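Colleague: Heads up: the sequence shown begins at 136 in this note's numbering, then just goes up one per residue.
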Amino acid sequence: MSTTQTAPETEPSVHLVDDEAPVRDALAFLMRSHGLPVHAYASGPELLERLDAAPLRGCIVLDVRMEPLSGLQVHDALRARKVALPVLFLSGHGDIAMAVDALQKGAFDFIEKPFSGDALVQRVQRALALEAAHHQQRSTQGDTSARLHSLTERELAVMHLVAAGKLNKVIADELCVSVRTVEVHRARVFAKLGVRSSAEVATLLARM
């Protein structure tokens, strides 16, 4: 049976997986003592079941030696599900080859026991900060994509010419419309995208 601290699914948390209850409880206590929300799981399948039910935020801490799935097998399952959360491995039996393999498969860190509690917490905090930055980037890109989809075909054409730094008169000539029409479309593009200049339009598109 896992020990779980209730937290909203959208709250970045430490998702801790260890099949040894005393170790699991001690690590969960360590995380909570540093103010980190934590969900603890007694096995890999328990974590995967939770993930299949709803997306999670934060990072995942996996013990390498577990039953019925090892930490490495759980990591493979996470990769198959395209879970992008940072994964940290804890191992008392790990060797260099195992660590290299885990890192080559995208693991965030591989930590050998015994380790200092403060050192582990610092690495977990770095993993949480990385996930938060990636989440913000994805949110920004999603918002920008929605704004772009709100533009009409003509507004999109004007937007790309504005982003290229072309003047209204030049845009009007290329699109065979009046300068006033370009001004109207330009104003609508700026309003929909939430920008104030052609440079901001170019920057926004460059980030997509």
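No residue lacks a Cβ here, since even glycine has one placed at the ideal position from N, Cα and C. Model, not experiment: these values are computed from the prediction.
Rounded to a whole number of angstroms, what is the C-alpha to C-alpha distance between P190 and E202?
Modeller: Within the sequence shown, numbered from 1, the residue matching residue 190 stands at position 55. Within the sequence shown, numbered from 1, the residue matching residue 202 stands at position 67. Cα to Cα, P190 sits roughly 24 Å from E202.
Colleague: Go ahead and pull the three-state DSSP assignment for A101.
Modeller: Nothing about residue 101 can be read from this structure; the chain reaches only from 136 to 343.
Colleague: On the DSSP letters alone, give me the boundaries of the alpha helix (DSSP H) that L191 sits inside.
Modeller: Here residue 191 refers to the residue found at position 56 of the sequence shown. It is not in any alpha helix (DSSP H) - L191 carries neither H nor E in the DSSP assignment.
Colleague: Should L302 be labelled buried (16 or more other beta-carbon atoms within 10 Å of its own) or exposed?
Modeller: Counting from 1 along the sequence shown, the entry for residue 302 is found at position 167. That one is exposed.
Colleague: Of the residues A299, S285, E309, which one's Cα is nearest the Cα of V324?
Modeller: By 1-based counting over the sequence shown, the position of residue 324 is 189. Comparing Cα-Cα distances from V324 to each of A299, S285, E309, the minimum goes to S285.
Colleague: I'd like to know if the segment 151 to 165 and the segment 196 to 216 are in contact, where contact means that at least 3 CB-CB pairs between them fall below 8 Å.
Modeller: Contact holds: three or more Cβ-Cβ distances are below 8 Å.
Colleague: Given V173, which residues of its chain have a CB within under 7 Å of its CB, disregarding the five upstream and five downstream residues?
Modeller: For the purposes of this step, residue 173 is taken as residue 38 along the sequence shown, with counting starting at 1. Closer than 7 Å at Cβ, skipping near neighbours: Q140, S148, V149, L151, A163, M166, R167.
Colleague: Since A322 and L310 should fall inside the 8 Å C-beta cutoff, what is the C-beta to C-beta distance between them, to a whole number of angstroms?
Modeller: Residue mapping note: residue 322 aligns to position 187 of the sequence shown, counting from 1. Residue mapping note: residue 310 aligns to position 175 of the sequence shown, counting from 1. Incorrect: roughly 15 Å between the Cβ atoms, too far for contact.
Colleague: So, with DSSP's three-state summary, where would you put A322?
Modeller: The sequence position of residue 322 within the sequence shown is 187, counting from 1. In the structure shown, A322 sits in a helix (DSSP, three-state: H, G or I).
Colleague: CB-CB under 8 Å to S154, same chain, minus the five flanking residues each way: which ones, in chain order?
Modeller: Sequence index remark: in the sequence shown, residue 154 carries index 19 (1-based). Sequence check: residue 154 is Asp here, not Ser. Once the five neighbours on either side are set aside, the close Cβ partners of D154 are A177, S178, D198, M201, E202.
Colleague: Put L171 into one of helix, strand or coil per three-state DSSP.
Modeller: Taking the first residue of the sequence shown as position 1, residue 171 is located at position 36. Coil at L171, not helix or strand.
Colleague: Determine the contact status of V222 and A242, defining contact as a CB-CB distance below 8 Å.
Modeller: The residue labelled residue 222 in the question sits at position 87 within the sequence shown. The residue labelled residue 242 in the question sits at position 107 within the sequence shown. It is a contact, given that the beta carbons lie within the stated cut-off.
Colleague: Identify whether D244 lies in helix, strand or coil by the three-state DSSP scheme.
Modeller: Your numbering for residue 244 matches position 109 in the sequence shown. Strand.
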